[in-house]
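Q:
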Amino acid sequence: MQRPHRVVVLVLDGALPLDVGIPSEVFHPETGFPYVVSACGVSAGTVPSHGSFGYAVPRGLDALAEADTVVVPGYAPAGRPVPVAVRDALRDAATRGARIASICYGAFALAEAGLLDGLRATTHWDAAELLAQRHPQITVEPNVLFVDEGSVLTSAGAAAGLDLCLHIVRRDLGVGAANEIARGLVTAPYRSGGQAQYLPRTSSATHGETLAATREWALTRLDEPLTIAGLAAHAQMSPRTFLRRFAEETGSTPLQWILRARVDTARELLEGTRLSVDRVAEQVGLGTGSNLRLHFRRLLGVSPSEYRATFSGRS
Numbered sequence: 449m450q451r452p453h454r455v456v457v458l459v460l461d462g463a464l465p466l467d468v469g470i471p472s473e474v475f476h477p478e479t480g481f482p483y484v485v486s487a488c489g490v491s492a493g494t495v496p497s498h499g500s501f502g503y504a505v506p507r508g509l510d511a512l513a514e515a516d517t518v519v520v521p522g523y524a525p526a527g528r529p530v531p532v533a534v535r536d537a538l539r540d541a542a543t544r545g546a547r548i549a550s551i552c553y554g555a556f557a558l559a560e561a562g563l564l565d566g567l568r569a570t571t572h573w574d575a576a577e578l579l580a581q582r583h584p585q586i587t588v589e590p591n592v593l594f595v596d597e598g599s600v601l602t603s604a605g606a607a608a609g610l611d612l613c614l615h616i617v618r619r620d621l622g623v624g625a626a627n628e629i630a631r632g633l634v635t636a637p638y639r640s641g642g643q644a645q646y647l648p649r650t651s652s653a654t655h656g657e658t659l660a661a662t663r664e665w666a667l668t669r670l671d672e673p674l675t676i677a678g679l680a681a682h683a684q685m686s687p688r689t690f691l692r693r694f695a696e697e698t699g700s701t702p703l704q705w706i707l708r709a710r711v712d713t714a715r716e717l718l719e720g721t722r723l724s725v726d727r728v729a730e731q732v733g734l735g736t737g738s739n740l741r742l743h744f745r746r747l748l749g750v751s752p753s754e755y756r757a758t759f760s761g762r763s
């Protein structure tokens with residue numbers, strides 16, 4: 449029997465409560481998926497949070513030596529230096545092959561450990577400039593929800609940590625598993641890493657999900673031709689206004705977003721059905737099996753058949 453994937457949440461002084469809770473919920477063994485999650489601090493004991501309470505952690509940094517994935521939640525104030533022992537423990541874990549992820553201001557700990565050098569990364573939009581100034585060797589992307597650089601991942605603030613953790617589940621176990629966990633948490637199952645953070649703006653335009661209904665409408669019609677004109681008409685906007693608003697809300701063009709939705713729907717069908725690759729391509733609006741293979745290779749780095757062999761029956 450394969451052992452569970454061990455996730456260790458490193459709780460540092462001033463930890464942000466939501467950031468600590470997100471990985472604890474997503475990777476909790478009660479989800480039914482093969483994760484175990486635990487928390488540690490610089491040392492065992494009580495770690496003060498950013499607020500009026502603290503976290504009781506049973507272990508110190510030695511726990512990182514056993515982790516398959518280490519998650520560093522955000523801590524306040526942003527950019528406060530972390531102890532040398534934390535930097536060393538993170539570097540040791542990464543060298544050993546553990547996956548390292550951060551939520552919000554936790555990116556600063558990864559940066560101080562040198563784990564983001566030469567990579568793209570993100571953090572909460574209000575600290576992105578500070579991260580870039582302190583660590584010019586990092587390509588800071590302030591307008592995205594999360595960045596996946598393989599063995600090192602970073603997310604924007606607060607709820608973006610949920611998007612990152614669900615993305616990790618999709619990588620590990622497939623779309624079906626991530627969707628089931630998302631349903632249990634009553635959250636959207638997928639927001640791409642490229643979706644924009646809601647940054648403050650000088651205009652009075654709303655940051656609300658004004659196109660959410662149109663996106664839901666599109667998701668029920670992926671097997672049909674979807675055009676900018678048709679999407680704009682559903683949203684009751686001019687095509688030009690629709691394109692601008694869509695980019696503001698999702699960080700991508702409508703056609704890029706639809707392509708990703710089609711590939712993700714194909715992933716679910718490959719995981720949960722015995723439909724042929726050609727039939728899956730038809731059902732998600734990609735036409736032919738060769739077209740589906742092309743986009744799978746480009747977006748996921750594997751063929752549909754390889755993906756099915758890896759994830760079929762796991763959800």
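For this note's numbering, count along the sequence shown from 1 and bump the result up by 448. Where a beta carbon is used, it is the ideal one built from N, C-alpha and C, also for glycine. Nothing here was measured: the structure is a model prediction, and the numbers come from that model.
1. Relative to the C-alpha of Ala-625, which residue among Val-588, Val-455, Glu-716 is closest?
2. Considering only residues of the same chain and omitting the five flanking positions on each side of Thr-650, which have a CB-CB separation below 6 Å?
3. Can you find the residues in the same chain that come closer than 7 Å, C-beta to C-beta, to Leu-659, ignoring five residues on each side of it along the sequence?
4. So if DSSP puts His-453 in a beta bridge, which residue, or which two residues, is it bridged to?
5. By the 10 Å Cβ neighbour count, where 16 or more other Cβ atoms means buried, how is Asp-510 classified, buried or exposed?
6. How about Val-617 and Val-474: are their beta carbons less than 8 Å apart?
7. For the beta strand (DSSP E) that contains Tyr-503, what are its first and last residues?
8. Write down every uninterrupted run of the beta strand (DSSP E) in the region 497 to 568 whose length is 3 residues or greater and which is fully enclosed by it, in chain order.
9. Just the Cα atoms here: how many angstroms apart are Leu-647 and Gly-735?
10. Pull up the CB-CB distance for Ala-757 and Leu-740, whole angstroms please, since I reckon it's below 8 Å.
11. Kindly list the residues whose CB is nearer than 6 Å to the CB of Ala-580, restricted to its own chain and excluding five residues on each side of it in sequence; keep chain order.
12. Going by beta-carbon coordinates alone, are Leu-612 and Ile-586 separated by less than 8 Å?
13. Mind the definition here: the region 708 to 727 touches the region 746 to 753 only if three or more C-beta pairs lie below 8 Å; say whether that holds.
14. Are the beta-carbon atoms of Gly-527 and Leu-460 separated by less than 8 Å?
15. For the beta strand (DSSP E) containing Thr-602, list its first residue and its last residue.
16. I need the boundaries of the beta strand (DSSP E) containing Asp-596, first residue and last residue.
17. Assign Glu-560 to one of two classes, buried (16 or more other C-beta atoms within 10 Å of its C-beta) or exposed (fewer than that).
18. Kindly list the residues whose CB is nearer than 8 Å to the CB of Pro-529, restricted to its own chain and excluding five residues on each side of it in sequence; keep chain order.
19. Under 8 Å between the Cβ atoms of Pro-477 and Gln-450?
20. Just the C-alpha distance for Thr-689 and Gly-733, rounded to the nearest angstrom, thanks.
21. Is it true that the CB of Val-490 sits closer than 8 Å to the CB of Pro-525?
22. Based on DSSP bridge pairs, tell me the residues matched to Gly-493.
23. Rounded to the nearest angstrom, what separates Val-519 and Leu-674 at their Cα positions?
24. Mind checking which residues open and close the alpha helix (DSSP H) that includes Trp-665?
25. Just how far apart, CA to CA, sit Asp-516 and Thr-602?
26. Is the separation between the beta-carbon of Gly-462 and that of His-498 shorter than 8 Å?
27. Considering Cα atoms alone, identify which of Asp-540, Ala-542, Ala-549 is closest to Asp-467.
28. Below 8 Å between beta carbons: does that hold for Ala-492 and Pro-506?
29. Mind checking which residues open and close the alpha helix (DSSP H) that includes Asp-574?
30. Taking the alpha helix (DSSP H) that Thr-736 falls in, what are its first and last residues?
31. For Gly-522 versus Arg-539, is the C-beta distance shorter than 8 Å?
32. Please report the straight-line C-alpha distance between Val-725 and Glu-719, rounded to a whole angstrom.
A: In this structure, then:
1. Here the closest residue by C-alpha is Glu-716.
2. Because Thr-650 carries a pLDDT of 29, less than 50, the predicted location of this residue cannot be relied on, and no value is offered for it.
3. Same-chain partners within the cutoff: Ala-683, Arg-693, Phe-694, Glu-697.
4. In the DSSP output, where bridge partners are listed per residue, His-453 has Tyr-483.
5. Classified as exposed, Asp-510 has fewer than 16 neighbouring CB atoms from the shown chains inside 10 Å of its CB.
6. Yes, these two residues count as a Cβ contact at 8 Å.
7. Segment 502 to 505, the beta strand (DSSP E) holding Tyr-503.
8. At a cut-off of 3 residues, the continuous stretches assigned as beta strand (DSSP E) that sit fully inside the region 497 to 568 are 502 to 505, 517 to 520, 547 to 550.
9. Unreliable positioning characterises Leu-647 in this predicted model, as indicated by a pLDDT of 39, which lies under 50. A coordinate reading is not provided.
10. Taking C-beta atoms under 8 Å as the contact rule, Ala-757 and Leu-740 fail to qualify, at a distance of about 16 Å.
11. Short of 6 Å from the beta carbon of Ala-580, and not among the five residues preceding or following it, lie these beta carbons of its own chain, in chain order: Val-588.
12. No, the Cβ-Cβ distance between Leu-612 and Ile-586 is not below 8 Å.
13. Counting Cβ pairs under 8 Å, three or more are found: they touch.
14. The beta carbons of Gly-527 and Leu-460 sit no closer together than 8 Å.
15. Per DSSP, Thr-602 belongs to the beta strand (DSSP E) from 600 to 603.
16. First-last of the beta strand (DSSP E) with Asp-596: 594 to 596.
17. Under this definition Glu-560 is a buried residue.
18. Excluding sequence neighbours, Pro-529 sits near Glu-560.
19. Contact: no.
20. Cα to Cα, Thr-689 sits roughly 25 Å from Gly-733.
21. The answer is no: Cβ separation not under 8 Å.
22. Bridge partners of Gly-493: Val-505.
23. A direct Cα-to-Cα measurement between Val-519 and Leu-674 gives close to 39 Å.
24. Run containing Trp-665: 660 to 667, per the alpha helix (DSSP H) assignment.
25. Going from the Cα of Asp-516 to the Cα of Thr-602 covers about 16 Å.
26. Result yes, Cβ atoms of Gly-462 and His-498 sit closer than 8 Å.
27. Proximity to Asp-467 across Asp-540, Ala-542, Ala-549 peaks at Ala-549, based on C-alpha coordinates.
28. Yes.
29. DSSP places Asp-574 outside any alpha helix (DSSP H), giving it a letter other than H or E.
30. That residue, Thr-736, is in no alpha helix (DSSP H); it is neither H nor E in DSSP.
31. Contact annotation: Gly-522 and Arg-539 have beta-carbon atoms that are not nearer than 8 Å.
32. Near 12 Å, if we compare the C-alpha coordinates of Glu-719 and Val-725.
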